[in-house]
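There are 2 protein chains.
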Amino acid sequence: MAVRKSAANPGNSAGVTERPLVTVDVAIFTVRDDSLQVLLVHRPSVAGEPYPGRPALPGGFVDIRRDTTLHDCALRKLKEKTGLAAPYLEQLGSWGGAKRDPRGWSATHAWFALVPPPADDEVDPAPAEAEWVDAEAALSRRLAFDHNEILAAALARLRAKVEYTSLPAFLLAEPFTLPQLQRIYEVVLGRELDKSAFRKRMLDADFLRETGAVSGASGRAAQGYRIADRSAPVYFPRPFKSGEQLA
Amino acid sequence: MAVRKSAANPGNSAGVTERPLVTVDVAIFTVRDDSLQVLLVHRPSVAGEPYPGRPALPGGFVDIRRDTTLHDCALRKLKEKTGLAAPYLEQLGSWGGAKRDPRGWSATHAWFALVPPPADDEVDPAPAEAEWVDAEAALSRRLAFDHNEILAAALARLRAKVEYTSLPAFLLAEPFTLPQLQRIYEVVLGRELDKSAFRKRMLDADFLRETGAVSGASGRAAQGYRIADRSAPVYFPRPFKSGEQLA
DNA sequence: TCAATAGTGTCTATTAGACAATATACT
DNA sequence: AGTATATTGTCTAATAGACACTATTGA
Chain A
1 MAVRKSAANP GNSAGVTERP LVTVDVAIFT VRDDSLQVLL VHRPSVAGEP YPGRPALPGG
61 FVDIRRDTTL HDCALRKLKE KTGLAAPYLE QLGSWGGAKR DPRGWSATHA WFALVPPPAD
121 DEVDPAPAEA EWVDAEAALS RRLAFDHNEI LAAALARLRA KVEYTSLPAF LLAEPFTLPQ
181 LQRIYEVVLG RELDKSAFRK RMLDADFLRE TGAVSGASGR AAQGYRIADR SAPVYFPRPF
241 KSGEQLA
Chain B
1 MAVRKSAANP GNSAGVTERP LVTVDVAIFT VRDDSLQVLL VHRPSVAGEP YPGRPALPGG
61 FVDIRRDTTL HDCALRKLKE KTGLAAPYLE QLGSWGGAKR DPRGWSATHA WFALVPPPAD
121 DEVDPAPAEA EWVDAEAALS RRLAFDHNEI LAAALARLRA KVEYTSLPAF LLAEPFTLPQ
181 LQRIYEVVLG RELDKSAFRK RMLDADFLRE TGAVSGASGR AAQGYRIADR SAPVYFPRPF
241 KSGEQLA
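Respectively, the protein sequence lines represent chains A and B. When you number the first sequence by UniProt numbering, it's gap-free, plus one each residue, and the end is 247. When you number the second sequence by UniProt numbering, it's gap-free, plus one each residue, and the end is 247.
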């Protein structure tokens, strides 16, 4: 019994015959200047490289000598492009097929990452070939491969999760204040939120820990917070009231 | 500008040097006899095949000659194992690394599928090598590869989505009734739901279309429904009241 | 003391769930 | 009629959001 299966893969029991290309791509988001931005690189203008000069999500081939797991590989791409080591990183999905890369059947593992914006006083550690682009503007460009589709999926995932999780907190450097966090939510959601309801929601979710007071440019100083557990966001019991909800 | 990247992949610009193995696995769920079940196959007991005789999720190598996309490949695996062509199929995630397959660095694309149970009067189209196993029982077995981890993730995803989407409707053959649908929710959630609240929720979500009346073994006949749009589940404005919610 | 921002209090419309009542099918 | 199930109605507790108010900082 249970031998029939091998007949479905004649002469290919170890998948050696023809293997797809395997890559990892990362959609890295931050919020700067009240705008949701994504990191784009430019494809090399070199013979044999597809989509020369086109903007693309950072990524590349899995290196089976260096990368122990897919997650490792995504972390490596992230570090190469942003210098950041421990931000929020989540799998987005995979895109694979015969046509998406002119070099052959390829499958990419897409991730999405949230990072705090580079502080004004420090140099942006992103390499010169990379640039932060407003997310909507990036979507309206013609990106390499099927990266428009991947970026659209990443944006959709982010916007969906912002409605009912603490994800946007990963877009801020610690310590941050509740008004700062609210601003981030508003930027990603594209609409304003009520201050009182927002605070109740965040504090009731119990994912923040108080640090010292933080004074801004003017006005009353605010309570500083850090994320209690950076391994995952928390889920709110209900989403924010969506504008499109029926009356 | 923008040429630096190739230095990160010396002599590997087309990823030809060493490519990972690429597979697709599918966690196929159904509800039978008030139990959430998953379809398992047995690994072939053949020289060179890893994990001989072990239970595993259905899956196998991507065939770049037959499969146009990853989605195609998942559909093919599904059809081979269940005979079903158009159920609910969603990407779950990917697992890849040097150690998960003794044959070499491999990456699998995991999907999860929901199918209605085979009708009592028809023969189960699943091949003899496959068997339906209660999901919890399957998890407690030692599955091939990292399939315990994948199955656990699939179960977690399913149970999470049941709280706030119409997903379980894809576990029923059409037409189905609201009491039948409620039973499915209860089986997957592992707790009972209030009849009135359940109906309001389902009907307000407006994803069902009435068909004729359906009579059961006894008692009043029920309204039959079908899913209005099978391409995706709908999201409820709030999750079910979770038992663990604070008072 | 004023401007600016942070933080709190109160009220209300909405609604999910509890539970009771009613409707319909079959014997 | 009686039993079993489907369907509807009513009530209530919980709460998200609206909005007004108070608190604290620095100039």
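Even for Gly, the Cβ is constructed at its ideal location relative to N, Cα and C.
CA-CA distance, S94 (chain A) to D204 (chain B), rounds to 34 Å. For a Cβ distance threshold of 9 Å, nothing in chain A lies close to L114 (chain B): the least Cβ distance comes to about 18 Å. The beta carbon of A98 (chain B) is closer than 7 Å to those of W105 in its chain, skipping five residues each way along the sequence.
Rounded to the nearest angstrom, the Cβ distance from T177 (chain A) to G224 (chain A) is 6 Å, consistent with a contact under 8 Å. Inter-residue distance for L21 (chain B) and P102 (chain B) is about 11 Å (C-alpha atoms, whole angstroms).
Using beta-carbon distances, R19 (chain A) counts as an interface residue toward chain B, with a partner under 8 Å.
Under the three-state reduction of DSSP output, D204 (chain B) falls in the helix class.
E136 (chain B) and P55 (chain A) have their C-alpha atoms some 46 Å from each other. The contact set of W132 (chain A) on chain B, defined by CB atoms closer than 7 Å, is empty, because the minimum CB distance reaches about 16 Å. Taking a Cβ-Cβ threshold of 8 Å, none of the residues of chain A is close to T82 (chain B); the smallest such distance is about 14 Å. The beta carbon of V162 (chain A) lies closer than 7 Å to those of P168, Y185, V188 and L189 in the same chain, with the five residues before and after it left out.
Around the C-beta of R43 (chain B), 16 or more other C-beta atoms lie within 10 Å, and the residue is accordingly described as buried. Spanning the alpha carbons of E174 (chain B) and L143 (chain A) requires a straight line of approximately 42 Å. T165 (chain A) is positioned such that its CB atom lies no closer than 8 Å to that of Y51 (chain A). Short of 7 Å from the beta carbon of P116 (chain B), and not among the five residues preceding or following it, lie these beta carbons of its own chain, in chain order: T30, L171, L172 and A173. Within chain B, the residues placing a beta-carbon under 9 Å from that of G97 (chain A) are D67, T68, T69, L70, H71 and D72, ordered along the chain. The beta carbon of S218 (chain A) sits no closer than 8 Å to any beta carbon of chain B. Annotation: the region 24-95 of chain A contains the following complete segments of the beta strand (DSSP E) (minimum length 3 residues), in chain order: 35-42 and 59-61. Neighbourhood of Q91 (chain B) in chain A, by CB distance below 8 Å: G93 and S94, in chain order.
Listed by position along chain B, the residues whose Cβ is nearer than 8 Å to that of A107 (chain A) are V22, V62, L70, A107 and H109. Closer than 8 Å to the CB of R238 (chain A) there is at least one CB belonging to chain B. According to the DSSP assignment, L189 (chain B) belongs to no beta strand (DSSP E) but to the alpha helix (DSSP H) extending over L178 to L189.
For A137 (chain B), the enclosing alpha helix (DSSP H) has its first and last residue at A135 to S140. Within the model, the alpha-carbon separation for A160 (chain B) versus K241 (chain B) is close to 13 Å. Sorting A:E49, A:W132, A:R66 and A:D34 by C-alpha distance to the C-alpha of T82 (chain A) places A:W132 at the top.
Per DSSP, the unbroken beta strand (DSSP E) holding R226 (chain A) starts and ends at A222 to I227.
A straight-line Cα-Cα distance of about 14 Å links Q182 (chain B) and L36 (chain B).
Bounds of the alpha helix (DSSP H) holding L158 (chain A) are H147 to V162. By the 16-neighbour rule on beta-carbons within 10 angstroms, K200 (chain B) is exposed. In summary, E49 (chain B) is buried, with 16 or more beta-carbon neighbours lying within 10 Å of its beta-carbon over all protein chains present. Non-local beta-carbon contacts of R209 (chain A) in its own chain, meaning distances under 7 Å to residues more than five positions away in sequence, involve Y225, R226 and A228 in chain order. In the three-state reduction of the DSSP assignment, R199 (chain B) falls in the helix class, which pools H, G and I. Counting along the chain, S106 (chain A) sits inside the beta strand (DSSP E) bounded by residues S106 to L114.
Nearest to D67 (chain B) by C-alpha distance, out of A:G96, A:V41, A:R238 and A:D25, is A:G96.
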